[in-house]
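Quick note: the sequence shown uses UniProt numbering, first residue 1, plus one each step.
Where a beta carbon is used, it is the ideal one built from N, C-alpha and C, also for glycine.
Since the model is a prediction, treat every value here as computed from it, not as a measurement.
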Amino acid sequence: MEEARIEPETFGSVDKNCDHKTTEADVETVVVQTDRGSLRGSSKISAIGSKYYSFQGIPYAKPPLGNLRFKNPREPDSWEGVRDVIKEKPSCVQATIILGNIIGSEDCLYLNVYTTQLANDSDSVAPKPVMVWIHGGAWQTGSGSPSMYGPDYLLEEGVVVVTINYRLGVIGFLSVNGSDVSGNAGLKDQVAALHWVKANIAQFGGDPDGVTIFGESAGGAAVHYHLLSPLSEGLFQRAISQSGSATNPTAFFDSTHERAFRLGKALGHQTSDSQNLADFLRRVPINTLVSNQNKGLTEQESERPLAASFIPTTEYPVKGEDVFLPDSPWKLLETGQFKKLPFITGINRDEGIITVLSVVHGDELGYIFYKKGLQDSLDPNSTEMKVLNRMVKMWTNFAKTGDPSEGMDVIWKPVTSKSRNYLDINEDSTLLQDLEKERMAFWDEVLKYFGIQQ
């Protein structure tokens with residue numbers, strides 16, 4: 001794994017007797033007050049054997065149903081009494097990658113909070129840094145489920161962990177110029193979640209002014225987008241993009257408007273009126289809409305790896321709606337329209353390869369998050385646990401101070417205009433320079449030749 005930074009304690013073995021599944025009768029509950037009402041969460045024992053508090057399925061926006069389909073997220077309603085947030089909510093509606101069957105729900109704008117302390121535990125306890133995870137899945141699949149992203153290792157290092165769901169595919173990224181569907185609803189969902197964190201995380205023992213956003217693949221690209229978007233201003237202080245960039249061809253397309261009309265035609269609705277098309281697509285049954293969403297692609301487009309009709313795009317202004325992406329990511333970067341914040345970005349050694357034994361796309365996730373059955377049999381002295389301990393320590397160090405090197409056996413120097421430092425994270429991590437220098441020089445020349453880059 002190679003990571004560039006802009007600008008050893010161990011966990012030991014996993015406790016095999018610890019199980020996240022408990023009966024409702026055995027659950028110890030705890031109540032926290034938020035700006036919308038009271039929440040009842042539960043206490044759990046982590047895979048390492050430590051107690052923490054879990055709040056699953058907290059609403060951060062109004063369910064985007066009916067006329068709200070495709071629209072920017074709206075603030076959630078308040079409630080009376082105490083709301084149970086002990087069980088996780090469904091993922092956002094999606095077609096599974098292998099079988100293509102439809103899972104999840106349109107009512108999906110929920111987040112999870114995991115913490116080892118609450119605001120009322122002690123007035124003398126300092127608030128903890130907050131790490132907000134944005135899942136990947138090519139903008140089409142995934143969720144913030146603890147079955148994939150268990151917080152156990154991160155919590156051991158004294159941070160509050162938040163994972164989120166956001167709208168995906170056609171539901172999250174449809175854009176129709178001239179209608180009330182501007183696009184990028186899924187990215188705006190993430191902004192709404194960050195607003196919720198800003199307003200409420202102190203009640204969960206977190207620091208609202210000490211937020212690090214991090215994500216992988218499409219989630220890593222989303223993190224990059226938040227560095228570019230004016231809507232995300234002031235909502236986080238640090239960022240980590242794992243195997244994701246807003247400038248990747250799979251993360252941006254400038255003409256999804258045309259794809260929307262092709263989709264409408266494929267579903268039997270021929271029109272040249274943008275608002276008429278948007279209204280029609282709102283009425284299409286959700287399973288029908290999602291199962292046909294890639295019919296917006298041309299035949300040539302559909303042959304590309306990870307081809308998807310609806311992904312982030314430049315937005316068409318809609319009266320009364322905020323714009324997340326006012327221009328292409330390239331243009332925003334070229335004109336300096338991005339946040340100057342501490343930033344880690346990096347790749348795995350063999351990105352793009354998922355069918356061979358190697359360090360491929362997504363492999364680093366098992367070194368950050370607990371997944372039941374994956375790490376349980378590892379020897380605490382194994383190379384895998386050594387690398388896991390190092391990565392978790394560096395990521396949480398960065399969330400705490402902006403310096404991942406504190407207490408480590410290697411100094412990770414940030415990138416400068418003169419030194420393109422990067423850290424090769426392995427059994428013995430090494431600080432190196434000029435990642436893939438020859439390949440980068442080649443592509444610089446290609447881009448200059450075609451006038452894409454000066």
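Report task. Reducing DSSP to helix, strand and coil, say where Leu168 ends up. Result -> Collapsing the DSSP output to three states places Leu168 in coil.
Report task. Going by DSSP, name the residue or residues bridged to Asp444. Result -> None, per the DSSP bridge assignment.
Requested in this report: Kindly indicate the opening and closing residues of the alpha helix (DSSP H) around Ser38.
Outcome: Secondary structure note for Ser38: it is in no alpha helix (DSSP H), and the uninterrupted beta strand (DSSP E) holding it is Ser38 to Ile45.
Report task. Could you say which of Glu406, Asn200, Arg83 and Lys372 lies nearest to Met148 if we only look at CA atoms? Result -> Among Glu406, Asn200, Arg83 and Lys372, the Cα nearest to that of Met148 is on Lys372.
Requested in this report: Check Lys188 in the structure and name its three-state DSSP category.
Outcome: helix
Report task. Determine the direct distance from the alpha carbon of Leu306 to that of Thr22, and round the result to whole angstroms. Result -> Legend: pLDDT at Thr22 = 42, less than 50; position of this residue unreliable, no value from coordinates given.
Requested in this report: Provide the residue span of the alpha helix (DSSP H) that contains Ala266, from first to last.
Outcome: Thr256 to Ala266
Report task. Assuming Gly41 and Tyr53 form a contact by the criterion Cβ under 8 Å, report the distance between their Cβ atoms to the nearest whole angstrom. Result -> 6 Å
Report task. Within the same chain, show all residues whose beta-carbon is closer than 7 Å to that of Lys400, passing over the 5 residues directly before and after it, in chain order. Result -> Correct list, in chain order: Pro129.
Requested in this report: In angstroms with no decimal places, state the Cα-to-Cα distance between Ile213 and Thr163.
Outcome: Near 10 Å, if we compare the C-alpha coordinates of Thr163 and Ile213.
Query raised in the report: Are Tyr370 and Ser182 close, meaning C-beta to C-beta below 9 Å?
Result: no
Query - Straight-line gap, Asp15 to Leu423 (C-alpha atoms, nearest Å) - result: Note that Asp15 scores 48 on pLDDT, short of 50, meaning its location in the model is unreliable and no value can be drawn from it.
Query raised in the report: Are at least three pairs of beta-carbons, each pair with one atom in the region 98-115 and one in the region 144-160, less than 8 Å apart?
Result: Output reads yes: the region 144-160 touches the region 98-115.
Query raised in the report: Candidates Tyr166, Trp133, Gly158 and Trp139: which alpha carbon is nearest Ser150's?
Result: Contrary to the premise, residue 150 reads as Gly rather than Ser in this sequence. The shortest Cα separation from Gly150 among Tyr166, Trp133, Gly158 and Trp139 belongs to Trp133.
Report task. Output yes or no for whether 9 Å exceeds the beta carbon distance between Glu216 and Leu39. Result -> no
Report task. Inspect the beta-carbon positions of Asp327 and Gln337 and report whether they are closer than 9 Å. Result -> yes
Query raised in the report: What whole-angstrom Cβ distance do Phe236 and His226 have, given they're in contact under 8 Å?
Result: At roughly 7 Å, the Cβ-Cβ gap stays under 8 Å, so Phe236 and His226 are in contact.
Query - Cα-Cα separation, Leu154 to Thr396 - result: The straight-line gap from Cα to Cα measures roughly 7 Å.
Query - Close beta carbons around Val284, own chain, < 8 Å, minus the five adjacent residues each side - result: Hits under 8 Å: Leu267.
Query raised in the report: Measuring CB to CB, does Val85 end up less than 9 Å from Gln56?
Result: yes
Report task. Count the other C-beta atoms from every protein chain shown that fall within 10 angstroms of the C-beta of Glu156, then say buried if there are 16 or more, exposed otherwise. Result -> Burial call: buried.
Report task. Using a threshold of 9 Å, state whether the C-beta atoms of Ala119 and Gln203 are closer than that. Result -> yes
Report task. Please report the residue range of the alpha helix (DSSP H) in which Val392 lies. Result -> Thr383 to Thr401
Query raised in the report: Assuming Ala138 contacts Ala308 under a Cβ cut-off of 8 Å, what Cβ separation, rounded to an integer in Å, is found between them?
Result: Taking C-beta atoms under 8 Å as the contact rule, Ala138 and Ala308 qualify, at a distance of about 6 Å.
**Report entry** Distance between Trp412 and Ser229 (C-alpha atoms, nearest Å)
**Finding:** 28 Å
Query raised in the report: For Arg439, which three-state DSSP category applies?
Result: helix
Query - Assigned secondary structure, Lys51 (DSSP; H/G/I helix, E/B strand, else coil) - result: strand
Report task. Can you give me the start and stop residues for the beta strand (DSSP E) that Trp133 sits inside? Result -> Note, Trp133: beta strand (DSSP E), Lys128 to Ile134.
**Report entry** Cα-Cα separation, Val161 to Asp273
**Finding:** Cα to Cα, Val161 sits roughly 45 Å from Asp273.
Query raised in the report: Of the residues Glu80, Gly66 and Ala61, which one's Cα is nearest the Cα of Arg74?
Result: Ranked by Cα distance from Arg74, the options Glu80, Gly66 and Ala61 are led by Ala61.
**Report entry** Nearest residue (CA-CA) to Ser417, options Glu406, Gln140, Asp403 and Asp434
**Finding:** Asp434
Query raised in the report: With Arg238 and Pro342 assumed to form a contact (beta carbons below 8 Å), what rounded beta-carbon distance in angstroms separates them?
Result: 5 Å
Report task. Could you please give the first and the last residue of the uninterrupted alpha helix (DSSP H) stretch that includes Leu118? Result -> Premise fails: Leu118 is in no alpha helix (DSSP H) and is neither H nor E.
Report task. For Leu432, I'd like the list of residues in its chain whose CB is within less than 7 Å of its CB, leaving aside the five on either flank, ordered along the chain. Result -> Tyr422 and Asp424
Query raised in the report: Can you tell me where the alpha helix (DSSP H) with Tyr153 in it begins and where it stops?
Result: From DSSP, the alpha helix (DSSP H) with Tyr153 extends over Asp152 to Leu155.
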